[in-house]
């Protein structure tokens, strides 16, 4: 006798959040994620993001140090770049630190003009990377870009400025707070605590940056935070693990300097950017497939029926499939 079909609810069609999707539904989600990552050419999109991120790296360093120099010693920013040694290969960290040292050494009377020039250059270059991220996330979420050029430009600049602000806030907490706490009682305790708190702060900023990209960058009605959280957490954890793993690989097994000579460090940074972009896009793909697993409205605002939610992932139910549609 033929077995009756498993009820749709068993795979998560009635789930109100990703946590309500059962194991069978998760298997479908992960299988579709594998297929759609190939179909969407995620690796190729990540390559474009990595290229534009590399173009914006050095102007970003110049702008950060220049802006910081308006209120404090620019050398403090250079010192905080030592944190990179914990995450990325030594060659890449040394290249970035050397650039930071060069910029901080030249900081002087013309600091305001340098800050303005560096900031404009950063916005131009870094916004290219954010724009590519927006295009990549549209591909991942199955959306077409039809926002007006004004809205798109303002969103692009807003996201770019937001990312820069996150970096500045992080640097402030890491570089300035220890100085302020040194004047308080129990300064030694605060210094010891901040040594560990700064890593939590860095982790929090990375998580927030990824979540903001997922929420606002795609051309769709925004998903509720609970439908963004799983992909955000997975992307953050994978990024940290992959960065540390890549650093270990390059330090012990890689031969970039022998192969590429003097530009070996540049290639390492480019590869790290590609790896980072790929992981962020993969997290977005996971969120997309989780939304497609349920028939409930996963977007912000009052619940709407299928086809009227303003997002392909929310309007498309794939929970009863074993292959991507």
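Numbering (UniProt numbering), first residue to last: 1 to 325. Just so you know, even glycine gets a beta-carbon here, dropped at the ideal spot from N, CA and C.
Between the alpha carbons of residue 260 and residue 251 lies a distance of about 15 Å. Inter-residue distance for residue 249 and residue 297 is about 43 Å (C-alpha atoms, whole angstroms).
Contact between residue 159 and residue 217 holds, since their C-beta atoms are separated by about 7 Å, short of 8 Å. The beta carbon of residue 52 is closer than 6 Å to those of 128, 129, 132 in its chain, skipping five residues each way along the sequence.
Going by beta carbons, residue 49 and residue 142 fall outside the 8 Å limit. The DSSP assignment places 256 to 260, 264 to 292 as complete runs of the alpha helix (DSSP H) inside the stretch 242 to 300, in order along the chain (cut-off: 4 residues). Judged by DSSP in its simplified three-state form, residue 24 adopts helix.
Setting aside the 5 residues that flank it on each side, residue 304 is surrounded in the same chain by 297, each with a C-beta closer than 6 Å to its C-beta; the list follows chain order. With a cut-off of 8 Å on Cβ pairs, the stretch 213 to 231 is in contact with the stretch 142 to 154, counting three or more such pairs.
Around the beta carbon of residue 315, a 10 Å sphere encloses 16 or more other beta carbons of the protein chains shown; the residue is thus reported as buried.
The stretch 272 to 284 makes contact with the stretch 35 to 42; the number of CB pairs closer than 8 Å reaches 3 or more. For residue 312, the enclosing alpha helix (DSSP H) covers residues 312 to 315. The Cβ atoms of residue 32 and residue 318 lie closer than 8 Å to each other. Judged by DSSP in its simplified three-state form, residue 318 adopts coil rather than helix or strand. For the pair residue 169 and residue 10, the Cα-to-Cα distance works out to about 45 Å.
At the C-beta level, residue 206 and residue 239 come within 8 Å of one another.
For residue 209, the three-state secondary structure derived from DSSP is helix. C-alpha of residue 308 to C-alpha of residue 20: approximately 23 Å in a straight line. For residue 274, the number of other beta carbons within 10 angstroms of its own is at least 16, and it is reported as buried. In the displayed model, residue 223 falls within a strand according to three-state DSSP. Assigned with DSSP and collapsed to three states, residue 18 falls in helix.
Distance from the Cα of residue 288 is smallest, within the candidate group 59, 55, 139, 56, for 139.
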